[in-house]
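Notes for the one structure printed next.
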Amino acid sequence: MNEKSTDTRIHCEYSQLVKLQSQARSFSLLPNLKSGTALSGRHSSIFRGRGLNFEELRHYQLGDDIRNLDWKVTMRTGKPHVRSYTEEKDRNFIICVDQRSSMYFSSVETMKSVVAAELAALTAWRILQDSDRVGFVISSSEKMHWLTPKRSQGDLLHRLQLLSSINQSLDVDSKDVDDVGFSQFVTLLGRLKLKEATIIILSDWHGVTPDEITHLKHLQKHNDVLGVLISDPFESNFPSQSSSWVVGDGAFQINLSDAKKFDLANKGLTDYQDLKKEQLIQLMAAKGLPLIEADTSGHHIEQLKRAIGGRR
Numbered sequence: 378m379n380e381k382s383t384d385t386r387i388h389c390e391y392s393q394l395v396k397l398q399s400q401a402r403s404f405s406l407l408p409n410l411k412s413g414t415a416l417s418g419r420h421s422s423i424f425r426g427r428g429l430n431f432e433e434l435r436h437y438q439l440g441d442d443i444r445n446l447d448w449k450v451t452m453r454t455g456k457p458h459v460r461s462y463t464e465e466k467d468r469n470f471i472i473c474v475d476q477r478s479s480m481y482f483s484s485v486e487t488m489k490s491v492v493a494a495e496l497a498a499l500t501a502w503r504i505l506q507d508s509d510r511v512g513f514v515i516s517s518s519e520k521m522h523w524l525t526p527k528r529s530q531g532d533l534l535h536r537l538q539l540l541s542s543i544n545q546s547l548d549v550d551s552k553d554v555d556d557v558g559f560s561q562f563v564t565l566l567g568r569l570k571l572k573e574a575t576i577i578i579l580s581d582w583h584g585v586t587p588d589e590i591t592h593l594k595h596l597q598k599h600n601d602v603l604g605v606l607i608s609d610p611f612e613s614n615f616p617s618q619s620s621s622w623v624v625g626d627g628a629f630q631i632n633l634s635d636a637k638k639f640d641l642a643n644k645g646l647t648d649y650q651d652l653k654k655e656q657l658i659q660l661m662a663a664k665g666l667p668l669i670e671a672d673t674s675g676h677h678i679e680q681l682k683r684a685i686g687g688r689r
């Protein structure tokens with residue numbers, strides 16, 4: 378694939394997303410976390426891991442595990458019956474990557490959109506190495522892309538090409554259409570009727586509302602939903618004012634020309650960011666998981682690995 382030369386802090390390159398495969402073995406999404414890691418506790422892993430599928434109900438045979446006895450059927454028929462199970466061979470992982478216009482921002486080192494894309498690629502390579510299926514929901518500034526879970530390196534490479542292309546299409550003139558708001562994103566996940574899936578959401582969570590968090594909590598009942606909050610220091614607090622600030626979102630501007638306006642704007646930023654964090658903490662609490670955070674400092678790979686007990 379011929380791609381234009383880019384500053385990898387501003388736009389991600391397809392080749393870089395592919396190279397992240399080499400770092401995927403330095404952490405794990407399966408149940409082998411050591412005690413003392415951020416996600417240890419009553420859960421042995423971030424996610425529930427592979428489970429068991431019910432196969433059949435049959436008569437007890439010598440050597441069967443008595444823990445699998447179905448007592449209701451045994452009492453009703455007068456003969457011992459056991460429930461047999463087969464181990465799930467793989468799991469479906471859905472990686473949700475936010476590439477809306479709000480993600481095209483950084484005041485430090487790396488654009489939030491690049492952080493999300495690289496963490497998505499790293500996680501996808503880890504999932505594939507565990508022989509599980511990985512799908513994507515990619516929200517661009519123009520549309521939602523739903524890519525069904527596959528267990529194939531070729532499919533993943535095509536998806537990383539698409540992700541890179543969407544990332545490189547972002548610029549200062551990007552403006553989101555109405556169909557890519559957070560409510561549409563949550564609605565799409567609901568329509569998929571996912572069960573026993575692991576959903577990883579990489580986003581700045583711009584525009585999320587309490588109603589959408591409630592919908593995700595319902596989704597959390599039958600799936601594992603892991604939220605990763607990607608943020609920039611400017612989104613919580615402007616640095617000390619040395620001159621007038623003019624802040625805009627491409628459509629509106631505000632001139633912070635005096636200390637009162639500056640302090641009011643700073644309070645608004647802090648309150649909004651704290652509200653997002655609190656909502657996400659509540660969402661993660663349903664499974665006893667912490668909120669994972671990554672920032673634009675350029676250390677997002679290490680931040681993710683550290684959060685899930687991997688090696689740096």
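Following our numbering, the numbering of the sequence shown begins with 378 at its first residue and continues without gaps. Don't be surprised by glycine CBs; every beta carbon is placed ideally from N, CA and C.
Hey, how far is the Cα of residue i from the Cα of residue j?
| i | j | result |
| --- | --- | --- |
| Ala494 | Leu566 | 19 angstroms |
| Val563 | Thr454 | 47 angstroms |
| Leu547 | Ser478 | 7 angstroms |
| Trp582 | Leu593 | 13 angstroms |
| Ser403 | Pro667 | 20 angstroms |
| His522 | Phe513 | 8 angstroms |
| Ala355 | Ala662 | Residue 355 lies beyond the range of the chain shown here (378 to 689); nothing can be said about it. |
| Asp442 | Ala501 | 37 angstroms |
| Ser674 | Gly440 | 58 angstroms |
| Lys751 | Thr383 | Summary: the structure shown does not reach residue 751, with the chain confined to residues 378 through 689, and so no result is reported for it. |
| Glu589 | Phe559 | 8 angstroms |
| Asp550 | Arg460 | 60 angstroms |
| Asn643 | Ala636 | 10 angstroms |
| Ser490 | Ser399 | 21 angstroms |
| Glu611 | Lys653 | Before going further, note that residue 611 is Phe rather than Glu in the sequence given. Cα to Cα, Phe611 sits roughly 15 angstroms from Lys653. |
| Ser517 | Asn544 | 8 angstroms |
| Ser484 | Arg444 | 58 angstroms |
| Leu496 | Arg536 | 14 angstroms |
Given that a residue counts as buried once 16 or more other Cβ atoms are within 10 Å of its Cβ, and exposed if not, what is residue i?
| i | result |
| --- | --- |
| Asn600 | buried |
| Glu655 | exposed |
| Thr575 | buried |
| Asp648 | exposed |
| Trp448 | exposed |
| Ala684 | buried |
| Thr487 | buried |
| Gln530 | exposed |
| Val557 | buried |
| Ser542 | exposed |
Looking only at DSSP bridge pairs, what is residue i linked to?
| i | result |
| --- | --- |
| Thr575 | Phe470 and Asp601 |
| Phe513 | Ile472 and Leu524 |
| Arg435 | Val459 |
| Ala671 | Ile607 |
| Leu446 | Val459 |
Taking residue i as the reference, give the member of the options with the closest Cα.
| i | options | result |
| --- | --- | --- |
| Asp651 | Leu606, Lys682 and Arg468 | Leu606 |
| Glu670 | Ile577, Leu596, Asp588 and Ile590 | Ile577 |
| Met480 | Cys389, Leu603 and Lys644 | Cys389 |
| Leu434 | Ile443, Val450 and Asp442 | Val450 |
| Leu406 | Leu641, Leu603, Met452 and Gly665 | Leu603 |
| Arg510 | Val491, Leu533 and Ser517 | Leu533 |
| Gln680 | Ile387, Val492 and Val474 | Val492 |
| Thr586 | Ser608, Lys682, Leu539 and Leu657 | Leu657 |
| Val474 | Arg444, Ser580, Ser613 and Asp555 | Ser580 |
| Leu641 | Glu573, Gly665, Ser490 and Asn614 | Asn614 |
| Lys519 | Lys552, Ser541 and His676 | Per the sequence presented here, residue 519 reads as Glu, with Lys not at that position. The residue with the shortest Cα to Cα distance from Glu519 is Lys552. |
| Leu571 | Gln561, Gln545 and Thr525 | Thr525 |
| Leu499 | Lys682, Ile472, Leu397 and Leu646 | Leu397 |
| Tyr391 | Leu505, Leu539 and Gln438 | Leu539 |
| Ser508 | Lys456, Asp672, Asn469 and His677 | Asn469 |
If you measure from the beta carbon of residue i to each beta carbon in chain C, is any gap under 8 angstroms?
| i | result |
| --- | --- |
| Arg536 | Included in the structure is just one protein chain, with no chain C present. |
ask   = Which runs of the alpha helix (DSSP H) spanning at least 4 residues fall entirely within the stretch 529 to 586, listed in chain order?
value = 530 to 545 and 559 to 568
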